[in-house]
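Asker: Just dropping this structure here.
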Amino acid sequence: AFIVHTEAEERKATPARTGSQEWIKTFGVDMTEQAKEGKIGTVTGREAEIEQITSVRSR
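Note that our numbering has the sequence shown beginning at 219, numbered continuously upward.
Now the structure itself:
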């Protein structure tokens, strides 16, 4: 049995192709903008690296 999908069906099923990305603004956070405004730290997302450096430096 073959399953055939048309391009029109794919467009309907894929929200990103609709051109409307309001959900990103609703549920997401613009970290680039926050960084420009000084609202986030300079090492955001580097917890593992900081722990490793702390471990090495404490030897």
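Beta carbons: idealized from backbone N, C-alpha and C, even for Gly.
Bear in mind that the values here come from a model prediction, so they are computed numbers and not experimental data.
Taking only the alpha-carbon atoms, compute the straight-line gap between Q252 and I258 and give it to the nearest angstrom.
Answerer: Annotation: Q252 to I258 spans about 6 Å, alpha carbon to alpha carbon.
Asker: Can you give the beta carbon distance from I271 to V261, rounded, assuming they're within the 8 Å contact cut?
Answerer: Contact between I271 and V261 does not hold, since their C-beta atoms are separated by about 10 Å, which reaches or exceeds 8 Å.
Asker: Could you give the residue range of the alpha helix (DSSP H) that holds S276?
Answerer: Unbroken run through S276: none, as it is neither H nor E.
Asker: Which of the three DSSP states is assigned to I258 in this structure?
Answerer: Looking at I258 - three-state DSSP - the assignment turns out to be coil, as it is neither helix nor strand.
Asker: Measure the alpha-carbon distance for S273 versus E240 and round it to whole angstroms.
Answerer: Straight through space, the alpha carbons of E240 and S273 are spaced by roughly 43 Å.
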